[in-house]
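Single-structure report; data block below.
Chains as they are written, first to last, in UniProt numbering: chain A, 1 to 234; chain B, 1 to 234.
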């Protein structure tokens with residue numbers, strides 16, 4: 001281990017991004033972008049986008065900058081996920097990584113940088129990644145799946161308005177099980193969190209589906225956890 | 001700012017502990033222990049228990065060690081709360097703090113170290129603390145209040161068994177409002193998360209209150225967020 005007089009622990013940031021994209025059969029699944037390491041350790045292995053924290057850059061800004069530099073992605077919200085700091089997680093130094101995560105809509109994901117050193121993979125079938133990044137992705141998936149009750153999750157993946165069928169699809173992908181359409185509709189309407197926009201899907205010839213948006217009244221927002229706004233107010 | 005060649009960011013750990021103890025009128029409120037700073041910066045100010053992260057110590061172990069050294073407390077669970085890393089949060093260096101939190105029962109709190117450099121204060125009436133520690137306590141309170149639906153919270157504050165009146169008291173303190181006893185009883189029984197122990201409070205002369213415990217079947221635990229076990233499995 002190299003000597004770091006006075007400050008022997010190094011600090012890094014990494015980001016896990018999820019987007020809903022079709023798999024090879026056309027069904028939507030969660031994908032995450034990886035970047036190929038171009039330096040040691042783990043040269044050539046795939047890893048989460050990230051880098052060192054410069055002394056004068058805020059944590060979230062560093063996460064956003066390294067993400068943009070490697071993948072071209074610039075999510076509206078980056079949320080702090082967890083800090084991973086096990087003593088032996090990096091082979092040649094003590095590195096503590098503050099990990100951020102975000103959900104992006106599929107059209108944003110489609111605009112990400114392409115190239116030999118960037119690759120999107122289904123989040124459930126990761127290759128062997130550098131460091132403890134497999135464990136980080138697993139943890140992010142676990143958090144995603146235990147948070148699905150919170151409204152902003154589907155909102156972040158779908159955008160401002162969506163049909164009930166699109167919303168059900170998000171739930172099905174995240175929960176990894178099929179949901180009964182009629183039950184889902186009843187539950188969602190009863191939740192009081194959806195508001196009809198008064199608009200319908202354009203271009204549908206016959207009984208076009210209604211478009212909904214999430215209810216974001218301040219009274220509702222205060223009693224539930226703000227999925228993508230968990231950081232403390234400054 | 002001092003020069004830290006190769007590793008210019010310093011890493012610290014801090015801990016927020018909450019316990020339910022009576023205030024000066026005898027009503028239970030949330031208290032948190034503070035320690036007086038004996039070094040610069042902010043010499044003499046009150047702060048959260050904590051210290052630097054040594055290169056060969058796990059994050060949680062460092063949080064537990066510094067907590068024990070200053071307050072004598074050794075909670076069963078320390079949970080990672082959030083990492084605070086704003087560029088200007090410390091006056092003479094870039095310091096990123098990984099903050100842990102825990103809930104302790106009042107009898108554990110009563111055994112904490114006493115002395116001129118340790119002080120318990122009601123969490124809602126903090127003095128001006130060192131660094132951004134007031135903001136950290138506010139964030140911990142916010143997380144506590146938005147998590148109150150999760151069963152382990154009251155469990156951690158009350159112990160393995162408790163009466164419905166004790167449980168309601170926890171909810172009232174955390175939510176900062178009075179709850180109707182009959183409604184509370186109905187809601188809790190209906191939640192399916194309480195199990196009668198078959199025992200009653202000992203020493204009560206007439207109709208002693210029933211003791212309950214939380215239902216901890218694996219099937220239930222997997223679908224809700226494990227409040228005090230949020231860290232990833234290793």
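Just so you know, even glycine gets a beta-carbon here, dropped at the ideal spot from N, CA and C.
Where residue i falls, given that 16 or more other Cβ within 10 Å makes a residue buried
i                      : result
residue 132 of chain B : buried
residue 189 of chain B : exposed
residue 174 of chain A : buried
residue 12 of chain A  : buried
residue 75 of chain B  : buried
residue 97 of chain A  : buried
residue 155 of chain A : buried
residue 8 of chain A   : buried
residue 10 of chain A  : buried
residue 39 of chain B  : exposed
residue 246 of chain A : Absent from the structure is residue 246 of chain A, since the part of chain A shown begins at 1 and ends at 234.
residue 219 of chain A : Interpretation of residue 219 of chain A is limited by its pLDDT of 34, a score under 50 that renders its predicted location unreliable; no figure is taken from the coordinates.
residue 18 of chain B  : buried
CB-CB length for residue i against residue j, believed under 8 Å
i                      : j                      : result
residue 51 of chain B  : residue 66 of chain B  : 4 Å
residue 16 of chain A  : residue 101 of chain A : 4 Å
residue 94 of chain B  : residue 55 of chain A  : 5 Å
residue 181 of chain B : residue 168 of chain B : 6 Å
residue 162 of chain A : residue 211 of chain A : 7 Å
Assigned secondary structure, residue i (DSSP; H/G/I helix, E/B strand, else coil)
i                      : result
residue 37 of chain B  : coil
residue 235 of chain A : This structure leaves residue 235 of chain A out entirely; chain A is present only between 1 and 234.
residue 213 of chain A : strand
residue 77 of chain B  : coil
residue 6 of chain A   : Annotation note: pLDDT 44 at residue 6 of chain A (below 50); position unreliable, no value reported.
residue 193 of chain B : coil
residue 97 of chain B  : strand
residue 123 of chain A : coil
residue 137 of chain A : helix
residue 184 of chain B : helix
residue 155 of chain A : helix
residue 62 of chain B  : helix
residue 11 of chain A  : strand
residue 30 of chain B  : strand
residue 130 of chain A : coil
residue 145 of chain A : helix
residue 57 of chain A  : coil
residue 177 of chain B : coil
residue 87 of chain B  : coil
Backbone CA spacing between residue i and residue j [nearest angstrom]
i                      : j                      : result
residue 159 of chain A : residue 62 of chain A  : 25 Å
residue 34 of chain B  : residue 112 of chain B : 11 Å
residue 214 of chain A : residue 199 of chain A : 14 Å
residue 78 of chain A  : residue 46 of chain B  : 32 Å
residue 37 of chain A  : residue 118 of chain A : 10 Å
residue 205 of chain B : residue 121 of chain B : 35 Å
residue 123 of chain A : residue 138 of chain A : 8 Å
residue 171 of chain B : residue 140 of chain A : 30 Å
residue 69 of chain A  : residue 59 of chain A  : 15 Å
residue 128 of chain B : residue 49 of chain B  : 15 Å
residue 236 of chain A : residue 183 of chain A : No answer is possible for residue 236 of chain A: it lies beyond the span of chain A, which begins at 1 and ends at 234.
residue 185 of chain A : residue 209 of chain A : 12 Å
residue 20 of chain A  : residue 165 of chain A : 14 Å
residue 31 of chain A  : residue 84 of chain B  : 29 Å
The ligand MG heavy atom lying under 7 Å from the CB of residue i
i                      : result
residue 103 of chain A : The ligand MG is absent from the structure shown, which contains no ligands of any kind.
Strand pairing of residue i, partner residues [DSSP]
i                      : result
residue 82 of chain B  : B:99
residue 18 of chain B  : B:103
residue 162 of chain B : B:212
residue 51 of chain B  : B:13
residue 118 of chain A : A:35, A:115
residue 200 of chain A : A:210
residue 46 of chain B  : B:36
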